[in-house]
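Sequential numbering of the sequence shown, starting at 954, is according to the working numbering.
These notes are about the structure you will find just below.
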Amino acid sequence: TNLDRDDPRPVVQNFLKNYKAAYKIDPDMVGASSYDAFMILVNAIGRAGSTNAKAIVTALKETKDYNGLTGKLSKFIKGEIVKPVQFQVVKGGVFRRHGVVDDPEIITPPVN
């Protein structure tokens, strides 16, 4: 899963709390990934300084090291998202952090 519920960053802990308050269920990686995707778009629109589609696409392509709920995200020209791979285990019925792979040599897809 790419939602580390043990991540102490306020953005993550606030998301967990607010999501549960709004929807009465615990968030999952789909909710966190959707939130990240939307916020990357909001960030790109802000950097583009426009709602022009071409300007936004250019800004999206330039996204690098965005600190999202699911980790540090970067975007490739071909559209692949590069983000850490998180490993979690279930303890007492709850997902818990086990480890993360964030080495760019490993998580970055080939360009060709």
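Note that the Cβ used here is the ideal one computed from N, Cα and C, for glycine as well.
Of the residues assessed, Phe-968 falls on the buried side of the cut-off, its CB having 16 or more other CB atoms within 10 angstroms. For the pair Val-1042 and Ser-987, the Cα-to-Cα distance works out to about 22 Å. Looking from the CA of Ala-985, the closest CA among Asn-955, Ala-975, Asn-996, Tyr-976 belongs to Asn-955. Inclusion of Val-1064 and Pro-1037 in the CB contact set at 8 Å is not warranted, their separation being larger than that value. Sequence-distant partners of Thr-1061 (beyond 5 residues in either direction) whose C-beta falls short of 6 Å from its own C-beta, in its chain, are Val-1035.
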